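S.K.:
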Amino acid sequence: MKIAFASTDNIHVNQHFGWCKEFYIYEILEDSYNFVKSIDSSIEISDEIEKLTYKIECLEDSDILYVQQIGPKASRMVQACKIFPMQSAKENEKIEDILNLLIKMRSNPPIWMRRLLENES
Numbered sequence: 069m070k071i072a073f074a075s076t077d078n079i080h081v082n083q084h085f086g087w088c089k090e091f092y093i094y095e096i097l098e099d100s101y102n103f104v105k106s107i108d109s110s111i112e113i114s115d116e117i118e119k120l121t122y123k124i125e126c127l128e129d130s131d132i133l134y135v136q137q138i139g140p141k142a143s144r145m146v147q148a149c150k151i152f153p154m155q156s157a158k159e160n161e162k163i164e165d166i167l168n169l170l171i172k173m174r175s176n177p178p179i180w181m182r183r184l185l186e187n188e189s
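Numbering (my numbering), first residue to last: 69 to 189.
1) DSSP on Lys89, reduced to helix/strand/coil?
2) Exposed or buried, Phe103, counting other C-beta atoms within 10 Å across all chains shown (16 or more means buried)?
3) Mind reading off the beta-carbon distance from Ile79 to Lys162? Whole number of angstroms is fine, and I expect it under 8 Å.
4) Does DSSP put Ala157 in a helix, in a strand, or in coil?
5) Taking the alpha helix (DSSP H) that Leu133 falls in, what are its first and last residues?
6) For Asn187, name the three-state secondary structure that DSSP assigns.
7) Of the residues Leu97, Ser130, Tyr101 and Tyr122, which one's Cα is nearest the Cα of Ile111?
8) Based on the DSSP output, what are the partners of Ile71 in its beta bridges?
9) Just how far apart, CA to CA, sit Pro153 and Asp129?
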């Protein structure tokens, strides 16, 4: 399962999806996680749909998108691409804390996560 984080520092989830200049991709493998890569998403596009399409393309093959904020239109577009968007529960939530929570959730996954885990098989 791959998770894209909208962050300025690769430590905290602190970026709005549409304004994010860099996404950090992590992968969860059983009971651990590892950093995969950072993806530059800094090209500025004025047309809203083109900008959102570009941002989604930057997510590559991520399963989950974790952001500080995401608008309803962007959220629907992300979901249409089979990526599950999640908003951070609190300001400046740590990426490490989220990854550890997602690992714990795998043992008794909510419905949305079950679908992701079934696709891994």
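Every residue, glycine too, gets a C-beta built ideally from N, C-alpha and C.
For clarity, every value in this text was computed on a predicted model and none was experimentally measured.
M.R.: Let me spell this out:
1) Looking up residue 89 in the sequence shown gives position 21. Annotated three-state conformation of Lys89 is coil, per DSSP.
2) In the sequence shown, counting from the first residue as 1, residue 103 sits at position 35. By the neighbour-count rule (16 or more Cβ atoms within 10 Å), Phe103 is not buried but exposed.
3) Within the sequence shown, the letter at position 11 stands for residue 79. Within the sequence shown, the letter at position 94 stands for residue 162. At roughly 6 Å, the Cβ-Cβ gap stays under 8 Å, so Ile79 and Lys162 are in contact.
4) On the sequence shown, position 89 is the one that residue 157 refers to. Collapsing the DSSP output to three states places Ala157 in coil.
5) Within the sequence shown, numbered from 1, the residue matching residue 133 stands at position 65. It is not in any alpha helix (DSSP H) - Leu133 instead sits in the beta strand (DSSP E) that spans Ile132 to Val135.
6) Translated into positions along the sequence shown, residue 187 becomes position 119. Of the three classes helix, strand and coil, the one that applies to Asn187 here is helix, per DSSP.
7) Walking along the sequence shown from the start, residue 111 turns up at place 43. Nearest C-alpha to Ile111: Tyr122.
8) The count along the sequence shown starts at 1 and reaches residue 71 at position 3. Checking the DSSP bridge columns, you'll see Ile71 partnered with Tyr94 and Ile132.
9) Here residue 153 corresponds to residue number 85 of the sequence shown, with the count starting at 1. Here residue 129 corresponds to residue number 61 of the sequence shown, with the count starting at 1. Approximately 13 Å, taken between the alpha carbons.
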